[in-house]
Amino acid sequence: MLEYDREHILHPYAPSNPSLNMTFVKSAKGVYLELEDGKKIMDGMSSWWSVIHGYNVESLNNAAIEQIGKVSHVMFGGITHEPAIKLAQKLIEITDTSLERVFFSDSGSVAVEVALKMAFQYWSSQGNTQKSKILAFSKGYHGDTFGAMSVCDPVTGMHSAFEGVLHKNIFAQAPACMFGEQWDEKHIQDFKIKLQENHTHIAAVILEPVVQGAGGMRIYSPEFLKRVRELCSEYDVLLILDEIATGFGRTGKLFAYEHAGIAPDILCVGKAITGGYMSLAATLTTKKVMQGVEANGNVLMHGPTFMANPLACAVANASVELLLNSPWEERVHNIQTQLHKELTKCEELSIVKEVRTLGAIGVVELNEEVDLGFMTPEFIKEGVW
Ligand code: PMP
0 MLEYDREHIL HPYAPSNPSL NMTFVKSAKG VYLELEDGKK IMDGMSSWWS VIHGYNVESL
60 NNAAIEQIGK VSHVMFGGIT HEPAIKLAQK LIEITDTSLE RVFFSDSGSV AVEVALKMAF
120 QYWSSQGNTQ KSKILAFSKG YHGDTFGAMS VCDPVTGMHS AFEGVLHKNI FAQAPACMFG
180 EQWDEKHIQD FKIKLQENHT HIAAVILEPV VQGAGGMRIY SPEFLKRVRE LCSEYDVLLI
240 LDEIATGFGR TGKLFAYEHA GIAPDILCVG KAITGGYMSL AATLTTKKVM QGVEANGNVL
300 MHGPTFMANP LACAVANASV ELLLNSPWEE RVHNIQTQLH KELTKCEELS IVKEVRTLGA
360 IGVVELNEEV DLGFMTPEFI KEGVW
């Protein structure tokens with residue numbers, strides 16, 4: 000099977016016919032992945048932050064099995080169902096009170112595409128066709144589809160590979176005031192200037208709240224986010240927050256924007272929404288934004304085949320319930336304490352640049368790029384993915 004995989008199947012950001020061996024996972028339970036030879040390794044990556052309860056969770060399994068017996072999938076055009084309605088109710092309940100419209104989609108990247116469409120249509124439906132740019136941030140990451148890619152960091156997002164076909168947006172410097180650091184107004188200057196100079200052309204600002212994930216695992220001051228919110232309101236630009244990685248308790252708050260006591264105009268969630276069981280995402284927005292989108296008889300122009308897939312929604316309902324009925328704040332706090340205590344020791348190593356922790360996120364940044372060919376098997380030997 001591994002031979003076949005190597006010959007025919009593409010993996011994320013990897014060459015076809017890769018030199019690195021794939022790790023074959025047979026099953027998974029709790030925090031452990033079981034490999035081909037029966038060895039169990041601890042998943043330190045939570046399958047790209049999506050598996051918040053561990054693998055193979057009874058209540059999530061049961062939710063899926065029960066829903067399969069009813070209906071696994073049905074189109075959402077002209078049709079609705081209980082799992083979607085219940086999930087929408089839950090999401091509206093647990094996010095800011097201003098967010099009361101939900102669009103379900105099938106992945107985080109698509110949730111971002113939908114958010115961008117909402118922002119552009121909000122202005123164009125009301126007759127403002129000047130606002131054709133998004134103000135994004137260096138070191139940001141929002142997904143791999145074209146719209147999402149156009150708001151990712153131009154360097155790590157490989158914009159050069161798509162020169163000429165990617166929408167050109169405006170980028171502000173990455174948040175420079177790190178979490179816990181003393182705030183200074185100079186930290187917002189670059190963003191403020193870019194907004195002041197370009198706001199008539201900017202439909203929205205997009206940002207990962209408090210943690211810039213895939214673009215560098217940078218944990219920044221909530222004060223930065225607060226100032227971004229204030230400036231967006233001042234310059235009449237919509238604020239999109241991408242909580243796809245940070246949502247559902249990861250940073251110690253249910254949603255990372257709560258660290259700053261603010262709310263976005265548009266919110267993207269995904270990953271952990273189903274406890275990492277299957278692909279589902281949602282874009283939430285306010286009544287005001289939807290009224291703008293729908294001005295002059297327009298409608299939001301999006302409608303994926305698997306929109307609000309009942310099976311995924313049923314598992315998401317079970318996952319959110321399981322989370323909310325658990326002492327999750329205390330657990331995340333304990334994880335943070337342990338990560339901080341034990342990872343800080345790594346700072347003694349000369350190859351380590353910095354150790355950072357927030358909630359259930361632990362980062363060990365090295366001075367040089369990681370040699371995965373060497374590092375992955377070494378970690379597996381130690382029992383860790
Ligand atoms: N936004 C953020 C912040 C993410 O971390 C990711 C996934 N790594 C995405 C968007 C894209 O989500 P997906 O991979 O489900 O398309």
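Counting along the sequence shown from 1, when you hit position 63 you're at 62 in numbering that gives the first Met the number 0, and nothing is skipped either side.
Just so it is clear, CB atoms sit at the ideal spot from N, CA and C, and this is done for glycine as well.
For clarity, every value in this text was computed on a predicted model and none was experimentally measured.
- Its Cα nearest to that of Ala315, the residue Ser58 stands out among Leu19, Tyr12, Asn20, Ser58.
- Going by DSSP, Met41 is part of the beta strand (DSSP E) stretching over 39-41.
- Gly163 and Asp264 have their C-alpha atoms spaced approximately 30 angstroms apart.
- Rounded to the nearest whole angstrom, the CA to CA distance from Leu1 to Asp42 is 21 angstroms.
- For Gln211, DSSP records a beta bridge to Arg217.
- Here Met177 really is in contact with Tyr219; their C-beta atoms are around 6 angstroms apart, less than 8 angstroms.
- Scanning the region 176-263 from its first residue to its last, the whole beta strand (DSSP E) runs of 3-plus residues come out as 201-206, 237-241.
- Ranked by Cα distance from Ser49, the first of Ser349, Glu346, Phe247, Leu310 is Phe247.
- Relative to ligand 1, even the nearest heavy atom lies 8 angstroms or more away from the CB of Tyr219.
- Secondary structure at Thr356: strand, using DSSP grouped into helix, strand and coil.
- With fewer than 16 other CB atoms across the displayed protein chains lying within 10 angstroms of its CB, Asn333 is exposed.
- In chain order, Asp105, Ser106 place their CB closer than 6 angstroms to the CB of Ser278, counting only its own chain and leaving out the 5 sequence neighbours on each side.
- The beta carbon of Glu222 is closer than 6 angstroms to those of Trp182 in its chain, skipping five residues each way along the sequence.
- It is roughly 10 angstroms from the alpha-carbon of Thr284 to the alpha-carbon of Ala118.
- Pairwise C-beta distances place the region 134-153 in contact with the region 197-209, as three or more of them are shorter than 8 angstroms.
- Where Lys85 is concerned, the enclosing alpha helix (DSSP H) starts and stops at 81-93.
- Within the same chain, and ignoring the five residues on either side of Leu19 in sequence, the residues whose Cβ sits closer than 7 angstroms to its Cβ are Leu371, Gly372.
- Counting along the chain, no beta strand (DSSP E) covers Val292; the unbroken alpha helix (DSSP H) around it starts and ends at 286-292.
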